Amino acid sequence: MLNFALALYGMHLASWLSMFPAEPTRAEVQLLDDDDQPTLIFHRPPASLTGLAVPAAAPAPAIAAPTRRSTSRLIGLSAAAGMSLAAVLGALVSMQLGAAGFDLRAGSVLQPAAAAAAVLRTTGMAAPIEVKAAPAAPVKAKAEAAAPAVALEDRADATLDRSAVIPIPDGIITIPASFSSADGAYDLVVHFHGVNDVVQAGFERAGLNAVVMIINMGISSAAYETRFSIRSYLPVLLAKTQAALEARGLRDARLRRVALSAFSAGYGAVRGLLNQPGFADKVDAVLLLDGIHTGYMPLDHSLDMERLKPFGRFAELAATGKKLMSITHSEITPVGDYAGTHESTDALLKLAGAQRAPGAGADAQAVYELSGTASEAKPRFVPLSEAHKGAFHVRGYAGTQKPDHVRHLTRMAETALPDLVRHWSDTPAR
Numbered sequence: 066m067l068n069f070a071l072a073l074y075g076m077h078l079a080s081w082l083s084m085f086p087a088e089p090t091r092a093e094v095q096l097l098d099d100d101d102q103p104t105l106i107f108h109r110p111p112a113s114l115t116g117l118a119v120p121a122a123a124p125a126p127a128i129a130a131p132t133r134r135s136t137s138r139l140i141g142l143s144a145a146a147g148m149s150l151a152a153v154l155g156a157l158v159s160m161q162l163g164a165a166g167f168d169l170r171a172g173s174v175l176q177p178a179a180a181a182a183a184v185l186r187t188t189g190m191a192a193p194i195e196v197k198a199a200p201a202a203p204v205k206a207k208a209e210a211a212a213p214a215v216a217l218e219d220r221a222d223a224t225l226d227r228s229a230v231i232p233i234p235d236g237i238i239t240i241p242a243s244f245s246s247a248d249g250a251y252d253l254v255v256h257f258h259g260v261n262d263v264v265q266a267g268f269e270r271a272g273l274n275a276v277v278m279i280i281n282m283g284i285s286s287a288a289y290e291t292r293f294s295i296r297s298y299l300p301v302l303l304a305k306t307q308a309a310l311e312a313r314g315l316r317d318a319r320l321r322r323v324a325l326s327a328f329s330a331g332y333g334a335v336r337g338l339l340n341q342p343g344f345a346d347k348v349d350a351v352l353l354l355d356g357i358h359t360g361y362m363p364l365d366h367s368l369d370m371e372r373l374k375p376f377g378r379f380a381e382l383a384a385t386g387k388k389l390m391s392i393t394h395s396e397i398t399p400v401g402d403y404a405g406t407h408e409s410t411d412a413l414l415k416l417a418g419a420q421r422a423p424g425a426g427a428d429a430q431a432v433y434e435l436s437g438t439a440s441e442a443k444p445r446f447v448p449l450s451e452a453h454k455g456a457f458h459v460r461g462y463a464g465t466q467k468p469d470h471v472r473h474l475t476r477m478a479e480t481a482l483p484d485l486v487r488h489w490s491d492t493p494a495r
């Protein structure tokens with residue numbers, strides 16, 4: 066029935082088709098701007114619609130009443146528009162019929178529409194997929210390159226609880242967001258002296274991949290040195306760290322590297338630990354934030370180098386790249402008969418064979434005075450000098466007042482901690 070209707074309609078239109086020159090049918094797919102859906106555009110003058118009619122051998126019907134040429138043209142154009150719409154609808158219907166398994170073999174009346182639908186399905190659909198695939202390839206490659214070697218659920222830290230600090234005697238253990246461990250191995254920084262929240266914030270900003278222990282024992286360096294000169298004290302804390310990480314869900318937890326960090330009076334603990342035979346070999350890095358002092362000899366007022374010897378040995382190792390040592394210091398002259406951090410650091414530079422150079426000027430994240438106009442604002446944390454040899458780094462900053470001293474703690478993420486981040490990122494664990 067459908068075949069007969071189409072044939073009759075084609076016979077009715079045959080009379081006006083001869084008015085137009087023949088032109089081959091062509092269809093193209095065009096992607097509109099900001100549109101990822103293909104648009105099928107048919108370029109077919111009316112004569113090209115003969116491909117949708119029955120064979121030319123069918124007799125053309127006689128027209129009973131004469132029709133004016135203008136009227137005939139109008140009828141022809143209307144019919145052409147109708148047939149164009151029918152072709153598009155036929156293409157869409159053919160797609161559905163083809164998908165449903167209907168027979169669209171050559172010779173079927175629906176075959177021309179099926180051919181148009183095939184253009185839409187192959188050329189039209191393939192084009193946007195190909196266009197999108199090209200820019201998406203680098204993203205996929207990048208994602209594959211960044212894919213972890215261990216599946217997320219198989220990582221040792223998959224169930225690690227970082228939600229709260231872990232209390233220990235005289236301090237806390239904190240797990241920064243930047244810490245990760247696929248196999249359970251972890252690095253540990255033991256920091257001495259400083260408000261817990263401030264120290265935590267510094268390590269978070271620095272993005273160090275390590276667990277952090279923070280110890281506070283008052284304002285006297287002697288208290289730190291006395292306690293941590295006891296050989297069994299730190300091993301007990303390390304065992305507590307191990308047990309705490311296991312309890313928090315770090316599977317197969319095991320200590321890898323240790324760094325010692327100290328602000329101000331905390332340097333006493335570092336001295337006590339480095340002075341223990343054999344323990345200094347296990348320490349991979351030392352950070353001193355405006356916290357290294359020594360006394361004067363009574364006869365000539367020279368520096369007491371015996372007090373500096375543990376630091377001197379470590380500085381020499383760092384200068385050869387075997388360890389990391391990073392020091393920041395101010396220009397404060399202590400109240401009392403002992404050397405300030407600048408003078409004490411100069412002695413280590415001499416031992417390590419490193420030379421100072423002028424600082425690069427105000428650092429990029431300087432804290433500025435809030436009084437006065439913007440044009441009068443001056444940076445309050447200005448580097449004056451620096452020295453680098455191997456993995457031994459020294460940075461001297463201006464300032465002779467208490468706030469200048471405290472900034473060495475609050476700015477640790479921008480001064481000494483990046484040295485440790487680079488050192489542990491570039492140096493394989495031994």
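Note that our numbering gives residue 384 to position 319 of the sequence shown, counting from 1, and the numbers run on in steps of one.
Glycine included, C-beta positions come from ideal geometry on N, C-alpha and C.
All figures in this text were calculated on a predicted structure; none of them were measured in a lab.
Here K388 is buried, its C-beta having at least 16 other C-beta atoms within 10 Å. Nearest C-alpha to A216 among S228, E451, A247, I233: A247. DSSP lists L253, V348 as the beta-bridge partner residues of V323. In the DSSP assignment, K387 falls outside any beta strand (DSSP E), carrying neither H nor E. Among the bridge pairs identified by DSSP, A422 is matched with E451.
For the set V264, Q420, M370, V335, the Cα lying nearest the Cα of A288 is the one of V335. The secondary-structure analysis by DSSP pairs A404 across a beta bridge with T359.
For L368, DSSP records a beta bridge to Y361. Membership of G259 in any beta strand (DSSP E) is not indicated, and neither H nor E is assigned to it by DSSP. Taking C-beta atoms under 8 angstroms as the contact rule, G337 and F379 fail to qualify, at a distance of about 13 angstroms. The alpha-carbon separation between A422 and A452 amounts to approximately 6 angstroms. R313 is positioned such that its CB atom lies closer than 8 angstroms to that of D226. In the three-state reduction of the DSSP assignment, T475 falls in the helix class, which pools H, G and I.
Using a Cβ distance threshold of 8 angstroms, H473 and L354 count as a contacting pair.
The count of Cβ pairs closer than 8 angstroms, one atom from the segment 387-401 and one from the segment 339-350, reaches three, so the stretches are in contact. Bounds of any beta strand (DSSP E) do not take in G283, whose DSSP letter is neither H nor E. Listed as beta-bridge partners of V459 by DSSP are I392, A452.
If the five residues before and after A318 are omitted, its C-beta is found closer than 7 angstroms to the C-beta atoms of G249, Y251, Q307, L310, E311, all from its own chain and listed in chain order. In this model, S243 and K305 are separated by some 21 angstroms (Cα to Cα). For P375, the three-state secondary structure derived from DSSP is helix. Three or more beta-carbon pairs separated by less than 8 angstroms are not found between the segment 228-239 and the segment 323-332, which leaves the two stretches without contact.
Distance from A275 to L253 at the Cβ level is roughly 6 angstroms; contact confirmed, criterion being Cβ atoms closer than 8 angstroms. Across the structure, P483 and R270 are spaced so that their CA atoms are roughly 10 angstroms apart. In this structure, V323 is the residue among S297, A425, V323, S285 with its C-alpha nearest to the C-alpha of M278. In this structure, the CA atom of Y403 is about 6 angstroms from the CA atom of T359. In the structure shown, F268 falls within a helical segment according to DSSP collapsed to helix, strand and coil.
The continuous stretches of alpha helix (DSSP H) do not include P232, which lies in the beta strand (DSSP E) extending over residues 231-233. A distance below 8 angstroms separates the beta carbons of R321 and A494.
For the pair G333 and S286, the CB atoms are nearer than the 8 angstroms cut-off. Within its own chain, the residues whose Cβ lies closer than 7 angstroms to the Cβ of A223, once the five positions on either side in sequence are excluded, are L217, listed in chain order. With distances taken between CA atoms, R487 lies nearest to A456 out of V255, T410, P363, A456. Between G377 and the set A478, G386, T410, S395, the nearest pair of CA atoms involves T410. Within a 10 Å sphere around the beta-carbon of H366 sit fewer than 16 other beta-carbons, which makes this residue exposed. For L416 against E381, the beta-carbon gap comes to about 6 angstroms, under 8 angstroms, which counts as contact.
Pairing G418 with K454 gives a Cβ-Cβ distance under 8 angstroms.
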